[in-house]
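In full-length UniProt numbering, the protein residues as written are 1 to 290. All remarks here apply to the structure that follows.
Dropping the structure here:
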């Protein structure tokens, strides 16, 4: 299976160093409200970014497009992918499905997703996010959405063992103001949000960011709107031959974060693990083999 084409966001990231100052101005304007900011005519998007029309045309060509219409069409396709539901996703795969057994196609899709995800992780951003997740001087909050709440639960279980002061926010948005009430500057909010993006999660992120909370976001390749307020955002590739998106690459990235956070302050974490094992022995929760 061939790899999916790069998104416009990824093309900008790859070519950013080659852009002129005015071209970067347009690129930054586009990324601030992506991809909607690029869906108008070339004259309108240039005006909104306070650059000239030729500047937009030059940048578009540097990204590999023949002209603005092709660039515009690429953004439209990305927007369509963002809002597509299970039925549309299934039809997209059925129309383009290569020959062969589903297991082979599924395996190849997952492999490609993992490769794309980890090749696009900025190690500096990853390390900075891990330092936030490991900072016990501040509280760590974890929350997910309709599908990703399972990831949030998994993250909470591990981070609660690794460090103290971890709060798992319920999936009911009606309770979130109670958590926000206790959030303080420097706290961290680990969020999971994939298409279709949830407006309640976006509002929660905005409220938290307004209070000085550092948002760490794990999202898909199209990027949740939460990206706009996130301190660190990580994109995971999720498309598979199914009506549903895959959480495999998302889970892999999460597990990498868990492992790195564990190592960030291993001495303290080891002590917690040892004490936790003693408690498990006391409660006889797990069967022991001698």
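Note that the Cβ used here is the ideal one computed from N, Cα and C, for glycine as well. Since the structure is predicted, the reported quantities are computational estimates derived from the model, not experimental observations.
**C-beta contact flag for residue 75 and residue 38 at 8 Å** = yes
**Message:** Mapping the DSSP letters down to three states, classify residue 248 as helix, strand or coil.
**Reply:** helix
**Message:** Using a Cβ distance threshold of 8 Å, determine whether the stretch 221-237 contacts the stretch 248-262, with at least three qualifying pairs required.
**Reply:** yes
**Asked** What is the residue span of the alpha helix (DSSP H) that residue 234 lies within?
**Response** According to the DSSP assignment, residue 234 belongs to no alpha helix (DSSP H) but to the beta strand (DSSP E) extending over 232-236.
**Coil, strand or helix - residue 76 by DSSP** = helix
**Item:** Completely contained alpha helix (DSSP H) runs for the stretch 116-149, where each covers 4 or more residues
**Value:** DSSP runs (the alpha helix (DSSP H)) wholly in the stretch 116-149: 123-134.
**Prompt:** Thinking C-beta only, is residue 215 closer than 8 Å to residue 208?
**Reply:** yes
**Asked** Just reading off the alpha helix (DSSP H) that residue 31 is part of, what are its end residues?
**Response** 21-32
**Message:** Closest to residue 71 by C-alpha separation, out of 30, 104, 146, 200, would be which residue?
**Reply:** 30
**Request:** Decide if residue 26 is buried, meaning its Cβ has at least 16 other Cβ atoms within 10 Å, or exposed.
**Result:** buried
**Asked** Hey, is the stretch 111-129 in contact with the stretch 156-170, meaning 3+ C-beta pairs nearer than 8 Å?
**Response** no
**Asked** From residue 1 to residue 242, what distance separates their C-alpha atoms?
**Response** Confidence at residue 1 is low in this model, with a pLDDT of 46, below 50, so the placement of that residue should be treated as unreliable; the coordinate-derived value is given next. Approximately 15 Å between the Cα atoms of the pair.
**Prompt:** Taking three-plus beta-carbon pairs below 8 Å as touching, is the stretch 278-285 in contact with the stretch 171-187?
**Reply:** no
**Request:** Buried or exposed for residue 259, please, with buried defined as at least 16 other CB atoms from any protein chain shown within 10 angstroms of its CB.
**Result:** exposed
**Prompt:** How would you call residue 163, buried or exposed, if buried means at least 16 neighbouring beta carbons within 10 angstroms?
**Reply:** Classification of residue 163: buried, given that the 10 Å Cβ count is 16 or more.
**Asked** Does DSSP classify residue 167 as helix, strand or coil?
**Response** strand
**Message:** Which complete alpha helix (DSSP H) runs does the stretch 177-222 hold, if anything under 4 residues is left out?
**Reply:** 199-210
**Message:** I need the boundaries of the alpha helix (DSSP H) containing residue 47, first residue and last residue.
**Reply:** For residue 47, the enclosing alpha helix (DSSP H) covers residues 42-48.
**Asked** Taking C-beta to C-beta, are residue 311 and residue 256 nearer than 8 Å?
**Response** There is simply no residue 311 to check, as the chain begins at 1 and stops at 290 in what is shown.
**Request:** Would you mind reading off the limits of the alpha helix (DSSP H) that contains residue 268?
**Result:** Run containing residue 268: 266-283, per the alpha helix (DSSP H) assignment.
**Prompt:** Does residue 166 have its Cβ less than 8 Å from a Cβ in chain B?
**Reply:** In the displayed structure, chain B is absent; only one protein chain is listed.
**Request:** Within its chain, find whatever has a CB closer than 6 Å to the CB of residue 133; leave out the 5 residues flanking it on each side and keep chain order.
**Result:** Taken in chain order, the residues that qualify are 261.
**residue 8 - containing alpha helix (DSSP H), residue span** = 8-15
**Request:** Please state if the CB of residue 231 and the CB of residue 145 are separated by a distance shorter than 8 Å.
**Result:** no
**Asked** By the 10 Å Cβ neighbour count, where 16 or more other Cβ atoms means buried, how is residue 221 classified, buried or exposed?
**Response** buried
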